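Visitor: I'd like to ask you about the structure that follows.
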Amino acid sequence: MRRAAQVSVGLGFVLALWSAIGWSAQDKFSLDELKRLALASNRSLTAALSGVDASRAGVLTASAYPNPETEFGFGHAAPRLAGGAAGASHTYTLTQRIDNPWQREARIAAAQSAVSSAESGLRVSQNTVLARLATAFYDLLRRQEEVAAAREDLALAESIGDKVRVRVEVGEAPRYELIKAEAERLSAQTAARSAELRVEQAKVAIRSLVSAELPAQFEVVGDWSEPVALPPVESLRQRLLDRSSELAVLRADVARAQRLVELEKARRMPEVAVRAVQERDPDLENNRVGVVLTIPLWDRRAGPVAEAEAQVTRGRSQLEHSQFVLAQSIESAWGQYGIARNLVASLENGILREAEAALKVAEAAYRFGERGILDFLDARRVFRAARNDLIAARFELEAARIEVERLQGDLLRSDAP
7 MRRAAQVSVG
17 LGFVLALWSA
27 IGWSAQDKFS
37 LDELKRLALA
47 SNRSLTAALS
57 GVDASRAGVL
67 TASAYPNPET
77 EFGFGHAAPR
87 LAGGAAGASH
97 TYTLTQRIDN
107 PWQREARIAA
117 AQSAVSSAES
127 GLRVSQNTVL
137 ARLATAFYDL
147 LRRQEEVAAA
157 REDLALAESI
167 GDKVRVRVEV
177 GEAPRYELIK
187 AEAERLSAQT
197 AARSAELRVE
207 QAKVAIRSLV
217 SAELPAQFEV
227 VGDWSEPVAL
237 PPVESLRQRL
247 LDRSSELAVL
257 RADVARAQRL
267 VELEKARRMP
277 EVAVRAVQER
287 DPDLENNRVG
297 VVLTIPLWDR
307 RAGPVAEAEA
317 QVTRGRSQLE
327 HSQFVLAQSI
337 ESAWGQYGIA
347 RNLVASLENG
357 ILREAEAALK
367 VAEAAYRFGE
377 RGILDFLDAR
387 RVFRAARNDL
397 IAARFELEAA
407 RIEVERLQGD
417 LLRSDAP
């Protein structure tokens with residue numbers, strides 16, 4: 007018994023170790039891997055997909071033919087004249103409503119437009135989730151670079167503090183330099199802790215978009231994309247109007263409203279049903295076949311037709327407004343991308359290099375005693391600001407590119423510009 011327990015514990019340990027090894031192998035994810043996980047596991051996308059299934063079921067509902075109606079009655083027949091037969095009496099009735107072909111066509115077309123709207127809405131949801139995920143991914147890259155930079159600043163501040171302490175103790179530097187170095191160390195330490203916290207917050211944002219099953223201590227693999235020139239804004243605007251899933255939703259809604267107008271107008275026509283009746287009395291059997299006609303005499307569907315036409319007008323107005331808003335948004339994102347691209351180039355090729363060169367000069371002058379620690383720290387602060395501006399500019403460049411792709415629905419396509 008004890009041996010069996012030991013074997014069980016051993017197997018459990020091996021399985022746990024194997025599971026841990028398997029998870030550790032999957033703790034690093036690229037952006038494409040995270041996108042695939044999000045498309046498969048994101049709950050909001052699952053709900054949107056269920057909406058598509060529901061709309062497709064609506065087509066089945068619209069395509070269904072009306073069911074027949076049956077009626078059965080029984081009673082007792084008594085003769086009113088002498089010599090008549092008495093006994094049980096039965097009545098059978100079967101009624102089948104004829105589906106108006108114009109109503110049926112409009113009803114099915116409206117349901118199919120609802121499917122198109124739901125499918126386009128699903129693509130909108132997918133694009134939105136992927137855009138938020140890509141933004142969160144590059145935000146995590148930014149935060150990780152900020153952590154690396156903050157830790158580098160902290161290590162340098164501690165090294166400077168140690169050197170200044172020695173110089174103060176031997177009398178080569180005034181005590182205020184030690185106070186300044188200590189303040190710089192504390193500031194760098196606070197900045198490093200804040201940067202580490204922002205990394206954890208960025209990871210939480212990614213997990214919320216992908217799945218709670220994503221390991222809490224996962225890492226990302228990737229780098230900043232290479233800045234490229236976008237197509238002219240006129241080309242982007244036209245592609246937006248032609249390919250936007252958001253506009254496709256509104257167009258499908260307008261088409262559905264138009265089909266509903268046709269349906270309500272078709273309901274002004276008389277409805278026809280075929281009825282068969284069989285009556286059985288003790289001495290008589292009566293069979294009849296007839297037609298039931300519903301005449302739209304009082305209700306001419308004026309209210310439903312007017313309501314459906316108002317929905318068409320409303321949908322067209324929303325479509326025109328959205329076209330204008332999205333065109334303005336693509337122009338704004340295009341302009342923001344250009345600004346961020348120029349800023350990145352300026353920081354990489356000019357400002358950061360100049361700040362780094364000035365820092366090296368100030369550091370050498372401080373080591374040789376030609377300048378004080380304040381001059382060196384000021385040069386270090388300028389370099390740190392330029393470096394952080396470059397990190398932020400790279401993120402803004404990615405965010406602008408992602409927004410352009412989101413507006414055009416390119417996040418679900420492989421031919422993104």
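Add 6 to a position in the sequence shown, counting from 1, and you land on the number used in this note's numbering. Glycine included, C-beta positions come from ideal geometry on N, C-alpha and C. None of the values given here were measured: they were computed from a predicted structure.
#1: Looking at the unbroken alpha helix (DSSP H) that takes in Glu164, where does it start and where does it end?
#2: Write down every uninterrupted run of the alpha helix (DSSP H) in the segment 214-291 whose length is 4 residues or greater and which is fully enclosed by it, in chain order.
#3: Output the boundary residues of the beta strand (DSSP E) element that contains Ile301.
#4: Work out the CA separation of Phe389 and Gly356 for me, nearest whole Å.
#5: Using the C-alpha atoms, what's the distance from Leu45 back to Leu220?
#6: Between which two residues does the beta strand (DSSP E) containing Ala94 stretch?
#7: Just to confirm, are Ala137 and Ile336 a CB contact at a threshold of 8 Å?
#8: Nearer than 7 Å: is that true of the beta carbon of Arg274 relative to any heavy atom of the ligand NAD?
#9: In the DSSP assignment, what are the bridge partners of His82?
#10: Cβ atoms of Leu236 and Tyr343: under 8 Å apart, would you say?
#11: With DSSP as the reference, label Asn293 as helix, strand or coil.
#12: Could you spell out where the alpha helix (DSSP H) holding Glu337 opens and where it closes?
#13: Are the CB atoms of Ala197 and Ala154 nearer to each other than 8 Å?
#14: Please report how far the alpha carbon of Arg281 lies from the alpha carbon of His96, in whole angstroms.
#15: Any idea what DSSP makes of Leu23, helix, strand or coil?
#16: Is it buried or exposed for Phe401, if we count other Cβ within 10 angstroms and need 16 for buried?
#17: Are Gly415 and Asn48 closer than 8 Å when you measure CB to CB?
#18: Check for me: the alpha helix (DSSP H) holding Gly57 runs from which residue to which?
#19: Have a look at Glu225 and Leu147 and give me their C-alpha separation to the nearest angstrom.
#20: Out of Gln264, Lys186, Thr99, state which residue places its alpha-carbon closest to the alpha-carbon of Glu315.
#21: Closest to Trp230 by CA distance: which of Gly79, Tyr144, Leu128 is it?
#22: Would you check if the segment 299-307 and the segment 316-335 touch, i.e. whether three or more CB-CB distances between them fall below 8 Å?
#23: Classify Glu125 as buried or exposed, calling it buried when 16 or more other Cβ atoms lie within 10 Å of its own Cβ.
#24: Have a look at the DSSP bridge pairing and note the partners of Ser200.
#25: I'd like the list of long-range same chain contacts for Gly127, defined as Cβ closer than 6 Å, with 5 residues on each side in sequence excluded.
#26: If the criterion is Cβ atoms closer than 8 Å, does the pair Ala68 and His82 meet it?
#27: Could you tell me the distance, in whole angstroms, from the CA atom of Ala201 to the CA atom of Ser193?
#28: Just to confirm my understanding: we take Arg412, look at its own chain, exclude 5 residues before and 5 after, and list those with CB closer than 6 Å. What are they?
#29: Let me confirm a value: Glu326 is counted as buried when at least 16 other C-beta atoms fall within 10 Å, else exposed. Which label applies?
#30: Considering only their Cβ atoms, is the gap separating Arg245 from Glu270 smaller than 8 Å?
#31: Apart from the five residues on each side of it in sequence, which residues of its chain come closer than 8 Å, Cβ to Cβ, to Leu55?
#32: Bridge partners of Glu360, per DSSP?
#33: When you compare each of Val410, Ser36, Phe35, Gly57 to Leu242 by their alpha carbons, which one comes out closest?
#34: Specify whether the segment 97-106 and the segment 275-294 touch according to this definition: at least 3 beta carbon pairs, one from each stretch, less than 8 Å apart.
Guide: In this structure, then:
#1: By 1-based counting over the sequence shown, the position of residue 164 is 158. That run of the alpha helix (DSSP H) goes 107-175.
#2: 239-249, 251-272
#3: Here residue 301 is taken as the residue at index 295 of the sequence shown, counted from 1. Segment: none, Ile301 is in no beta strand (DSSP E) and carries neither H nor E.
#4: The residue given as residue 356 occupies position 350 in the sequence shown. The residue given as residue 389 occupies position 383 in the sequence shown. For Gly356 and Phe389, the distance between alpha carbons rounds to 12 Å.
#5: By one-based count along the sequence shown, residue 220 stands at place 214. By one-based count along the sequence shown, residue 45 stands at place 39. Near 14 Å, if we compare the C-alpha coordinates of Leu45 and Leu220.
#6: Working through the sequence shown from its first residue, we reach residue 94 at position 88. It spans 93-104 - the beta strand (DSSP E) in which Ala94 sits, taken as one unbroken run.
#7: Taking the first residue of the sequence shown as position 1, residue 137 is located at position 131. Taking the first residue of the sequence shown as position 1, residue 336 is located at position 330. Result no, Cβ atoms of Ala137 and Ile336 do not sit closer than 8 Å.
#8: Because no ligand of any kind appears in the structure shown, any question about the ligand NAD cannot be addressed here.
#9: Position 76 of the sequence shown, counted from the first residue, corresponds to residue 82. The partner list for His82 (beta bridge, DSSP) reads Ala94.
#10: Within the sequence shown, numbered from 1, the residue matching residue 343 stands at position 337. Within the sequence shown, numbered from 1, the residue matching residue 236 stands at position 230. For Tyr343 and Leu236, yes; Cβs fall inside 8 Å.
#11: Here residue 293 refers to the residue found at position 287 when the sequence shown is read from its first residue. Three-state DSSP puts Asn293 in a strand.
#12: Against the sequence shown, residue 337 aligns to sequence position 331. 308-352 is the span of the alpha helix (DSSP H), which, as asked, contains Glu337.
#13: In the sequence shown, residue 197 corresponds to position 191, counting from 1. In the sequence shown, residue 154 corresponds to position 148, counting from 1. Cβ distance not < 8 Å, so Ala197 and Ala154 don't count as in contact.
#14: Walking along the sequence shown from the start, residue 281 turns up at place 275. Walking along the sequence shown from the start, residue 96 turns up at place 90. So the two alpha carbons sit approximately 17 Å from each other.
#15: Sequence index remark: in the sequence shown, residue 23 carries index 17 (1-based). Note that Leu23 has pLDDT 40, beneath the 50 cutoff, so the model's placement of it is unreliable and the number below is only indicative. Note: Leu23 maps to helix in three-state DSSP.
#16: Indexing the sequence shown from 1 puts residue 401 at position 395. Buried, because 16 or more other Cβ atoms sit within 10 Å of the Cβ of Phe401.
#17: Taking the first residue of the sequence shown as position 1, residue 415 is located at position 409. Taking the first residue of the sequence shown as position 1, residue 48 is located at position 42. Against a cut-off of 8 Å, the Cβ pair of Asn48 and Gly415 comes out as no contact.
#18: Position 51 of the sequence shown, counted from the first residue, corresponds to residue 57. Unbroken alpha helix (DSSP H) run through Gly57: 49-69.
#19: Locating residue 225 in the sequence shown gives position 219, where the first residue counts as 1. Locating residue 147 in the sequence shown gives position 141, where the first residue counts as 1. Cα to Cα, Glu225 sits roughly 10 Å from Leu147.
#20: In the sequence shown, the residue the question calls residue 315 occupies position 309. Among Gln264, Lys186, Thr99, the Cα nearest to that of Glu315 is on Gln264.
#21: To locate residue 230, count along the sequence shown from 1; it is residue 224. Ranking Gly79, Tyr144, Leu128 by Cα distance to Trp230 puts Tyr144 first.
#22: no
#23: Counted from its first residue, the sequence shown places residue 125 at position 119. Flag for Glu125 reads buried.
#24: Working through the sequence shown from its first residue, we reach residue 200 at position 194. Bridge partners of Ser200: none, in fact.
#25: As a working note, residue 127 is residue 121 in the sequence shown. Closer than 6 Å at Cβ, skipping near neighbours: Val255.
#26: Mapped onto the sequence shown, residue 68 falls at position 62. Mapped onto the sequence shown, residue 82 falls at position 76. Contact: no.
#27: Walking along the sequence shown from the start, residue 201 turns up at place 195. Walking along the sequence shown from the start, residue 193 turns up at place 187. Between Ala201 and Ser193, the C-alpha separation is close to 12 Å.
#28: Here residue 412 refers to the residue found at position 406 when the sequence shown is read from its first residue. For Arg412, where only same-chain residues beyond five positions count, the Cβ hits under 6 Å are Asn133, Ala137.
#29: Against the sequence shown, residue 326 aligns to sequence position 320. So Glu326 counts as exposed.
#30: Here residue 270 corresponds to residue number 264 of the sequence shown, with the count starting at 1. Here residue 245 corresponds to residue number 239 of the sequence shown, with the count starting at 1. No, the pair does not count as a contact, with Cβ atoms beyond the cut-off.
#31: The residue labelled residue 55 in the question sits at position 49 within the sequence shown. Leu128.
#32: In the sequence shown, counting from the first residue as 1, residue 360 sits at position 354. Beta-bridge pairing links Glu360 to no other residue.
#33: Residue mapping note: residue 242 aligns to position 236 of the sequence shown, counting from 1. Among Val410, Ser36, Phe35, Gly57, the Cα nearest to that of Leu242 belongs to Val410.
#34: yes
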